[in-house]
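Remarks on the structure that follows.
Residue numbers (my numbering), protein chains in the order written: chain L, 1 to 406; chain A, 407 to 812.
Laid out in structure tokens, this is it:
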């Protein structure tokens, strides 16, 4: 149990072998909802993200953000005595999560069949770039590798140029959330049937999941529709996309039934009868003209805010395209806890994204921080495995357990 | 119970008021994992996505993809007798999901407090663009509106131009999955405590969740780091991004410990000692040179496939940037079920993304299809509410229940 704290997932214990981003996102969501997450870090260095984004006091802000409320146990996994500790921990846990390259868990003797021998109803969630099986499974993988294979990269950028990549962890984060949902569903199933489960969650499958129209449009049209990127604008609705205003950009979604509202906002109701501009299909066909017209109108405002104000008066769906810096103090994001502060005991205070699962009964953004390397070695080994202080000291001296100052 | 079918979430019943994409993604994931999802569609037309992406036989491929394995009950919600039916259905359900504009559920008498009166432990999941509360909550919202407010749009495109938008439903799909995880967590909590929950899941919060480094880098550097888009390349590692080859593009992730492998693949081990090219930071500083060098080498191959083959020989993380059309028959995606066929009884066979939650015990891609409008009116009203055939006919004749041929 999670030391007196109570939240949606209190009482669930997760053994966490994940590193970097997709796996840690999955287990962090469990930890933030109250589960006890024991992060097993490989000695001597632990999760390599401890070495990046060090902005203050030798603490990694990246590591803190993605490991809130976890416990760290740092073990030499190349020592059989270290692996024996892992073997003792598994029967105490409900869930194991890992994101090694496929095959590594088996090499460690921790494949699903072996885990089942240690705990018959264990739930194992394996997270990878391209999946546990299939001809590409063993390729080295990163977020963007899966993104490229999924066809998502091909849908980003200008149509007459090579594509762009979003500088945001879209695939890793989404995959972590898919994994968290799969585990929660497997826990509900276990409660009903007494059986465990092995989940195979990949960035590729999760990226592919995003194609809300592209796959069926190509396939369903017998190959006539060839989905591709469209720059700043949606390819089948208009106006719908990024419009330039004075001092910045505006996202404008004034298609279908919103078009009359935009025309009213522009005080150009005559456009509702303008030949060739009547439907979205017609406006898409002469998109350049429509865009030029609207951008010319937007340029009559001194800045983005005044243009947005006018559009809002007419209930036209619109938004300023905010920079990350502008999001951090935005009143709406602050009030919702979309952005939150963490106060790290070593690195101090800074901002990170809030927990997106908001519930009526519990505060979403708790005062969590992230563990130093091996911070919970003694805690976990004594409380779960009944090791004595002498045994723990012995394991530290033998290099089986390690810890670090950050 | 879901007519004899067995999967992870069998036995759970969801009342589904969602339309379009984020909400339907959430409830579809429940339906695909075996829950009974009863989609309440407002007469006369139902979910408006039934009108779009009609590629064959007047059936919407969009609607089919996002409503697999759901049951459709089409009710006139402006008739008090229709709302009375809804009131009778709620106590029979575990979960209610909706994605109306905030305030609409309250106007219908279906806010969380009212639902609790009907069923004390109900779990309500409210999905919206900008959240249930906060100064922007009531703005009309779409995926891209939330994306613009989240700062994600600002991270996509070339740094010296206005940003691009991805033509993929990244925000809606991810938000649906966040909602599904929140509901599953709330069901686990209900099993332990007997209490229900109201979840507030927004596209804005879920989009913001994707900032794996941007928010803490800006905030933690005291505003010195100003995250922005970087075109085709990662801004803090090199090589990492989209490289042009003959006949297409290649995603190449040859940073840090992968750089020596790329140098070996290029047969240019002398680069390992080239001044100014030694670290990622140095290579980022002269990115243009590095990119030009690598692209020149890639152009020595006749096509993308032969360049990929060479890179794979040296275990360099790489991928062809596939078009959506190229993904559909790709052996890896086919073997994994990343892409799958649905066979609709009216529209026939076509391809859509596979179910990304893959488990050891159940087939991920079941032979599901989507309901015609009101297809399950009689089924649900007789089995759950014990209405007689006469009562049902009467409601059809009074226009309280509707149905359609597609």
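All C-beta atoms, glycine included, are put in the ideal place defined by N, C-alpha and C.
Look at residue i and residue j and say whether their C-beta atoms are less than 8 Å apart.
i: residue 99 (chain L); j: residue 23 (chain L); result: yes
i: residue 72 (chain L); j: residue 371 (chain L); result: yes
i: residue 364 (chain L); j: residue 337 (chain L); result: yes
i: residue 154 (chain L); j: residue 229 (chain L); result: yes
i: residue 615 (chain A); j: residue 97 (chain L); result: no
i: residue 365 (chain A); j: residue 214 (chain L); result: The requested residue 365 (chain A) does not occur in the structure, where chain A is confined to residues 407 to 812.
i: residue 121 (chain L); j: residue 196 (chain L); result: yes
i: residue 177 (chain L); j: residue 355 (chain L); result: no
i: residue 21 (chain L); j: residue 66 (chain L); result: yes
i: residue 162 (chain L); j: residue 574 (chain A); result: no
i: residue 651 (chain A); j: residue 696 (chain A); result: no
i: residue 136 (chain L); j: residue 664 (chain A); result: no
i: residue 753 (chain A); j: residue 463 (chain A); result: yes
i: residue 532 (chain A); j: residue 446 (chain A); result: no
i: residue 68 (chain L); j: residue 61 (chain L); result: no
i: residue 570 (chain A); j: residue 562 (chain A); result: yes
Which value, in whole angstroms, describes the spacing of the CA atoms of residue i and residue j?
i: residue 232 (chain L); j: residue 158 (chain L); result: 8 Å
i: residue 33 (chain L); j: residue 15 (chain L); result: 15 Å
i: residue 625 (chain A); j: residue 693 (chain A); result: 26 Å
i: residue 206 (chain L); j: residue 453 (chain A); result: 25 Å
i: residue 378 (chain L); j: residue 369 (chain L); result: 19 Å
i: residue 515 (chain A); j: residue 536 (chain A); result: 22 Å
i: residue 4 (chain L); j: residue 605 (chain A); result: Bear in mind that the predicted position of residue 4 (chain L) carries a pLDDT of just 46, short of 50, making it too unreliable to give a figure here.
i: residue 192 (chain L); j: residue 413 (chain A); result: 11 Å
i: residue 306 (chain L); j: residue 297 (chain L); result: 12 Å
i: residue 316 (chain L); j: residue 216 (chain L); result: 30 Å
i: residue 751 (chain A); j: residue 329 (chain L); result: 52 Å
i: residue 88 (chain L); j: residue 384 (chain L); result: 9 Å
i: residue 264 (chain L); j: residue 556 (chain A); result: 28 Å
i: residue 817 (chain A); j: residue 746 (chain A); result: Outside the modelled stretch of chain A, which goes from 407 to 812, sits residue 817 (chain A), for which no answer is possible.
i: residue 1 (chain L); j: residue 117 (chain L); result: Per-residue confidence for residue 1 (chain L) stands at a pLDDT of 35, beneath the threshold of 50, marking its modelled position as unreliable; the derived number appears in the next sentence. Distance between the alpha carbons of residue 1 (chain L) and residue 117 (chain L): 24 Å.
i: residue 310 (chain L); j: residue 292 (chain L); result: 19 Å
i: residue 376 (chain L); j: residue 382 (chain L); result: 10 Å
i: residue 448 (chain A); j: residue 511 (chain A); result: 13 Å
i: residue 618 (chain A); j: residue 342 (chain L); result: 15 Å
i: residue 101 (chain L); j: residue 275 (chain L); result: 58 Å
With which residues is residue i paired in a DSSP beta bridge?
i: residue 438 (chain A); result: Answer by DSSP bridge pairing: none, since residue 438 (chain A) is not bridged.
i: residue 611 (chain A); result: Residue 611 (chain A) is not bridged to any residue.
i: residue 656 (chain A); result: A:649, A:726
i: residue 606 (chain A); result: L:358, A:532
i: residue 334 (chain L); result: BP columns for residue 334 (chain L) are empty, so no partner.
i: residue 480 (chain A); result: A:447, A:808
i: residue 16 (chain L); result: L:39, L:97
i: residue 349 (chain L); result: L:343
Take the Cβ of residue i as the centre, count every other Cβ of all protein chains shown within 10 Å, and call the residue buried at 16 or more, exposed below.
i: residue 194 (chain L); result: exposed
i: residue 801 (chain A); result: buried
i: residue 594 (chain A); result: buried
i: residue 10 (chain L); result: buried
i: residue 256 (chain L); result: exposed
i: residue 266 (chain L); result: buried
i: residue 657 (chain A); result: buried
i: residue 166 (chain L); result: buried
i: residue 706 (chain A); result: exposed
i: residue 805 (chain A); result: exposed
i: residue 82 (chain L); result: buried
i: residue 393 (chain L); result: exposed
i: residue 513 (chain A); result: exposed
i: residue 465 (chain A); result: buried
i: residue 416 (chain L); result: Only positions 1 to 406 of chain L appear in this structure, which leaves residue 416 (chain L) out of reach.
i: residue 269 (chain L); result: exposed
i: residue 279 (chain L); result: exposed
Using a Cβ-based criterion (distance less than 7 Å to any ligand heavy atom), does residue i qualify as near the ligand GTP?
i: residue 129 (chain L); result: As for the ligand GTP, it is missing from this structure, which has no ligand bound.
Legend entry - Residues from the segment 612-633 of chain A in contact with chain L, defined by Cβ distance under 8 Å: 612, 614, 615, 616, 617, 618, 619, 620, 621, 622, 623, 624, 625, 626, 627, 629, 632, 633
Legend entry - Interfacial residues, the segment 82-100 of chain L to chain A, with Cβ spacing under 8 Å: none
Legend entry - Residues of the segment 793-806 of chain A whose Cβ lies closer than 8 Å to any Cβ of chain L, in chain order: none
Inset, instruction - Pull out every residue of the segment 345-365 of chain L whose Cβ sits closer than 7 Å to any Cβ of chain A, in chain order. - result: From the segment 345-365 of chain L, only 350, 351, 352, 353, 354, 356, 357, 358, 359, 360, 361 have a Cβ closer than 7 Å to chain A.
Inset, instruction - Using a Cβ-Cβ cut-off of less than 8 Å, list which residues of the segment 661-678 of chain A approach chain L; keep chain order. - result: 664
Inset, instruction - Identify each residue in the segment 559-578 of chain A for which the Cβ-Cβ distance to at least one residue of chain L is less than 8 Å, and report them in chain order. - result: Those residues of the segment 559-578 of chain A that come within reach of chain L (Cβ to Cβ, closer than 8 Å) are 559, 560, 561, 562, 563, 564, 568, 569, 570, 571, 572, 573, 574, 575, 576, 578.
Legend entry - Contact residues within the segment 706-721 of chain A, judged by C-beta distance below 9 Å to chain L: Correct list: 718, 721.
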